[in-house]
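I have placed the structure first, in the form of structure tokens, so that the comments after it can refer back to it.
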Amino acid sequence: MTNLTLKQPALALALLGTSLVLGACGSTTPVTPPATQPTAVSGTLVPFTAGTADNVTSQQANLSSPLTATGNFDIALPDVATMNSTHAKDLNSADNTFGLCTGSPITAPSGFKSVAITTLISQKGATFVAENVAGSTVSYKGWWFANMAGTVTVNANCIGFGNVNQSLTFKQGWNVMDFTYNGTSTSIALAPNQTPGRLTWKNKNAVQSLSSQALNPYLFNPWAALNR
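Quick note, the sequence shown lines up with residues -23 to -1, 1 to 205 if you use mature numbering (1 follows the signal peptide of the UniProt record, and there is no 0).
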């Protein structure tokens, strides 16, 4: 295991509007992911009008799919060998597993790299997330690739996520994660179903108010802060 020093973000800590707890009840006990590998991100854009866009592209890893007349899409997920070669430049080093963070070093296997898909962009520039609103809680899914199996342990403050103090175990390849936001904090856990099928993807402006996005613009995609 290698300790990696976290980068000091240039962005103001005022953006850290949410706190992140990976796993249930803040437990630091890692959960072993199931061996099942998802092979695609499948969904339907809502709302969607035929002719308004021809394809969608993931904000991270730059994977895309054409859209049908009803807004359906299937983004193929590359296998491990392809991700580690063709998409090697898209992978984040261990210290950037959760984006830009400050705090204690992240502990991860030597050479660990990953990239997460949580948002899609249409040709018209709209951002979509696979979400489900239940009361004041917003839940959405992410597809998180790891170049190797291993456990990542972090105790830091990360832009868009807030406080992170947890261990998360990845299998090599794609890991489907459940993200939950209750207005003040976010939790992430391995999804019980690693092949969730076709999901509804909604415009993020219908999920999070514009005023809330101004306070925390990296809520759905904290890794975007790495590009600033």
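In this text, a Cβ means the ideal position worked out from N, Cα and C, and glycines have one as well.
Note that the structure is predicted; figures quoted are calculated from it, not measured.
Excluding sequence positions up to five before and after T96, its CB lies within less than 6 Å of the CB of Q36, T104, V106, F197 and N198, all in the same chain and listed in chain order. DSSP places K101 outside both helix and strand once states are collapsed to three, so it counts as coil.
Beta-bridge partners of F50 (DSSP): G20. With respect to the C-alpha of F122, the residue from T47, S162 and H64 having the closest C-alpha is H64.
One Cα belongs to G102, the other to A58, and the distance between them is close to 31 Å. Using a Cβ distance threshold of 9 Å, G127 and F147 count as a contacting pair. The bridge partners DSSP lists for R175 are S19.
Taking 9 Å as the cut-off, the beta carbon of G76 is found closer than this to the beta carbon of A201. In the structure shown, M125 falls within a coil segment according to DSSP collapsed to helix, strand and coil.
The three-state secondary structure of P43, taken from DSSP, is strand. Look at A166 here: in three-state DSSP terms it is strand.
Beta-bridge analysis with DSSP links S144 to T130.
Taking Q143 as reference, the option from L40, I165 and V153 with the minimal CA-CA separation is I165. Of the other Cβ atoms in all chains shown, 16 or more fall within 10 Å of the Cβ of D72; this residue is therefore buried. Classified as buried, G48 has 16 or more neighbouring CB atoms from the shown chains inside 10 Å of its CB.
In the same chain as S99, and ignoring 5 residues on each side of it, the C-beta atoms closer than 6 Å to its own belong to A30 and V33, in chain order.
Here DSSP, grouped into helix, strand and coil, assigns A111 to strand. A distance below 7 Å between beta-carbons, with the five flanking residues on each side excluded, links N159 to the following residues of its chain, in chain order: S113 and T114. A Cβ-Cβ distance of about 6 Å is found for the pair P15 and L54, placing them in contact under the 8 Å criterion. In this structure A17 touches D51 by the C-beta definition: roughly 5 Å separates them, less than 8 Å. When DSSP states are grouped into helix, strand and coil, N180 belongs to the strand group. Residue pairing by DSSP places T63 opposite no residue, since no beta bridge is assigned to it.
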